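K.L.:
Have a look at the structure that comes next, please.
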């Protein structure tokens, strides 16, 4: 039987800057394992700013780019487009969107895109102004050593 959790606040208060992840609001999100696994996506709030880092793969499981605190640090054919509410990363040759960061009303940051694992399987993607996790490992919410929700 599936458990559905919606509308929870992990280490943030209503009205504070946050990310919307799986219908919950949080100050921190990690998908995959930072710098160990073949892919990862980490979203946190640093000095009151949204900061996204990650190693993004294409549908074939090959590295498309790495991002560190919103800056593309390693690229294999990727462009960064600034938008009125954030930015978008796209593959130059296919035009396929890898990732988009978009701030909407009241400081809520939406993550858009499809995150693939090394086998080309979708592990997370945006759906209807939400970012849905299909498989872990993932962490939603963090404060010091305290973790809000861990998904294996």
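Numbering (my numbering), first residue to last: 114 to 265. Using N, Cα and C, we set each Cβ at its ideal position, and we do this for glycine too. Being a predicted model, the structure only gives us computed values, none of them experimental.
What number of angstroms, rounded off, separates the C-alpha of residue 169 from the C-alpha of residue 128?
P.N.:
Between residue 169 and residue 128, the C-alpha separation is close to 30 Å.
K.L.:
Kindly indicate which residue of 165, 146, 248, 147 has the alpha-carbon position closest to the one of residue 140.
P.N.:
165
K.L.:
So the beta strand (DSSP E) residue 73 belongs to, where does it begin and stop?
P.N.:
No statement about residue 73 is possible, as the shown extent of the chain runs from 114 to 265 and does not include it.
K.L.:
Among residues of its own chain, excluding the 5 on either side of residue 161, which ones have a beta-carbon nearer than 7 Å to its beta-carbon?
P.N.:
130
K.L.:
Using DSSP with H/G/I as helix, E/B as strand and the rest coil, what is residue 332?
P.N.:
Since the displayed the chain opens at 114 and closes at 265, residue 332 lies outside it and no answer follows.
K.L.:
By Cβ distance below 8 Å, which residues in the same chain neighbour residue 118 in space, the five residues on each side in sequence not counted?
P.N.:
135, 136, 137, 262
K.L.:
With residue 163 and residue 195 assumed to form a contact (beta carbons below 8 Å), what rounded beta-carbon distance in angstroms separates them?
P.N.:
With a Cβ gap of about 14 Å, residue 163 and residue 195 do not count as contacting.
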